[in-house]
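Colleague: Here it is, the structure in full.
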Amino acid sequence: MTKRNTQQRRHAIAALVQEKGEVSVEELTQRFATSEVTIRKDLALLETGGLLLRRYGGAVSLPSEMVAEPDADKVSKRKHAIARAAAERLRDHNRVIIDSGTTTSAMIPLLGNKRGLVVMTNSLNVAGALRELENEPTLLMTGGTWDPHSESFQGQIAEQALRSYDFDQLFIGADGIDLERGTTTFNELVGLSRVMADVAREVIVMVESEKIGRRIPNLELPWGKIHTLVTDDGLAQDARDKIQAKGVTLICAPAIQDTARRK
């Protein structure tokens with residue numbers, strides 16, 4: 404009942420923001436008779452779902468060009484296709500790490516039918532979404548120092564927490580894929596990602612095809628650390644050949660909207 408009420412409240416918040424254009428946290432706490440912490444969690448998850456934009460003290464509706472932009476809609480569908488393909492690799496009772504990021508977060512709603520999961524994350528958004536699942540997993544947080552750039556915990560404390568466990572799988576995104584070197588990032592804080600890879604038996608990178616071929620200066624994970632790469636079916640054949648030549652399992656997920664229309 405509580406989770407159903409939570410979903411109803413979030414739908415109502417999204418509709419209210421769309422109607423008014425802007426709402427404050429204070430207004431929402433009074434309207435829904437709940438705490439500021441709960442409302443801020445709601446807004447964070449709604450922003451991850453592309454339903455609004457957070458602002459200091461509240462939230463605003465998405466600009467019209469973001470709502471109607473076909474390319475943005477296409478990217479969103481690609482992320483959901485990637486998320487579905489990645490979730491299919493996860494089994495009941497697995498011990499997994501889910502890194503911060505919009506692509507990895509898109510996988511969370513698809514885990515509701517998994518049982519006995521143990522999930523560690525460095526992301527408050529991921530943690531909040533996991534707690535809304537009907538089969539709520541055992542949740543572990545890395546702790547550490549908050550990094551506003553990646554909106555995740557980083558640093559030595561987080562690394563020490565990870566090294567205290569071993570995991571079946573790591574699900575991680577990337578800012579770019581260098582076909583020669585591996586995953587790349589704009590963030591200079593790459594230590595935690597490397598520790599995540601060290602303590603997981605299978606490293607699964609989730610990334611849209613448009614990011615493959617980007618040459619960003621900061622190397623995050625070299626190809627030797629990556630077991631599986633999940634992307635969409637927009638990946639060019641030459642890039643597919645180069646990735647598979649590295650000994651990486653490549654999954655190119657087909658767009659899911661076409662299948663839905665045929666049914």
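Be aware that the sequence shown starts at 404, since it is given in our numbering, and climbs by one per residue. From the three backbone atoms N, C-alpha and C, an ideal C-beta is built for every residue, glycine too.
Taking only runs that begin and end inside the stretch 514–561, name each unbroken alpha helix (DSSP H) of 4 or more residues, in chain order.
Modeller: 527–533
Colleague: Assuming V529 and I511 form a contact by the criterion Cβ under 8 Å, report the distance between their Cβ atoms to the nearest whole angstrom.
Modeller: Rounded to the nearest angstrom, the Cβ distance from V529 to I511 is 6 Å, consistent with a contact under 8 Å.
Colleague: Could you tell me the alpha carbon to alpha carbon distance between M523 and Q647, rounded to whole angstroms?
Modeller: M523 and Q647: Cα-Cα distance of roughly 29 Å.
Colleague: Where does Q572 land, buried or exposed, given buried means 16+ other C-beta within 10 angstroms?
Modeller: Buried, since its Cβ has 16 or more Cβ neighbours within 10 Å.
Colleague: Have a look at L419 and A509 and give me their C-alpha separation to the nearest angstrom.
Modeller: 23 Å
Colleague: Check whether the Cβ atoms of R487 and A656 lie closer than 9 Å to each other.
Modeller: yes
Colleague: Just the C-alpha distance for H414 and E535, rounded to the nearest angstrom, thanks.
Modeller: 14 Å
Colleague: Applying the 10 Å Cβ sphere with the 16-neighbour rule, what's the burial state of H496?
Modeller: exposed
Colleague: Does the Cβ of A490 have 16 or more other Cβ atoms within 10 Å, making it buried, or fewer, making it exposed?
Modeller: The residue is buried, with at least 16 neighbouring Cβ atoms inside 10 Å.
Colleague: Specify, as a first and last residue, the run of the alpha helix (DSSP H) that M599 falls within.
Modeller: G594 to D601
Colleague: Quick test of your reading: R677 and A658, contact by CB under 8 Å. State the CB separation rounded to the nearest angstrom.
Modeller: This structure leaves residue 677 out entirely; the chain is present only between 404 and 666.
Colleague: Consult DSSP for E605 and reduce its assignment to one of helix, strand or coil.
Modeller: Collapsing the DSSP output to three states places E605 in a strand.
Colleague: Near V598, what residues of its chain come up, given a Cβ to Cβ distance below 7 Å and the 5 sequence neighbours on each side ignored?
Modeller: E562, L565 and R566
Colleague: Does DSSP put F570 in a helix, in a strand, or in coil?
Modeller: Strand at F570.
Colleague: With a 10 Å radius around its C-beta and 16 neighbouring C-beta atoms as the bar for buried, classify T507 as buried or exposed.
Modeller: Classified as buried, T507 has 16 or more neighbouring CB atoms from the shown chains inside 10 Å of its CB.
Colleague: Roughly how many angstroms separate the alpha carbons of T548 and V463, rounded to a whole number?
Modeller: 28 Å
Colleague: Counting only C-beta atoms, is R443 closer than 9 Å to chain B at any point?
Modeller: The question asks about chain B, but that chain is absent: this structure has only one protein chain.
Colleague: Determine contact between the stretch 624–640 and the stretch 605–616, defined as no fewer than three beta-carbon pairs at a distance below 8 Å.
Modeller: yes
Colleague: Can you have a look at P540 and say buried or exposed, based on whether 16 or more other CB atoms are within 10 angstroms of its CB?
Modeller: buried
Colleague: Within this structure, are the beta carbons of A447 and D635 separated by less than 9 Å?
Modeller: no
Colleague: On a CA-only basis, which of G424, R584, E422 and Y568 is nearest N621? Give me that one, please.
Modeller: R584
Colleague: Would you mind reading off the limits of the alpha helix (DSSP H) that contains E716?
Modeller: Limits of the chain in this structure are 404 at one end and 666 at the other, which puts residue 716 out of reach.
Colleague: Whose C-beta lies closer than 7 Å to the C-beta of L449 among residues of the same chain, with five residues either side of it excluded?
Modeller: R413, I416, A417 and L455
Colleague: Would you list, in sequence order, the uninterrupted alpha helix (DSSP H) runs of no fewer than 4 residues that lie entirely inside the stretch 606–651?
Modeller: 640–648
Colleague: Label G504 either buried or exposed according to how many other C-beta atoms from any shown protein chain fall within 10 Å of its C-beta, with 16 as the threshold for buried.
Modeller: buried
Colleague: Going by DSSP in three states, A564 sits in which element: helix, strand or coil?
Modeller: helix
Colleague: Which word fits S438, buried or exposed, when buried means at least 16 other C-beta atoms lie within 10 angstroms of its C-beta?
Modeller: Under this definition S438 is an exposed residue.
Colleague: Would N525 be called buried (16 or more neighbouring beta carbons within 10 Å of its own) or exposed?
Modeller: buried
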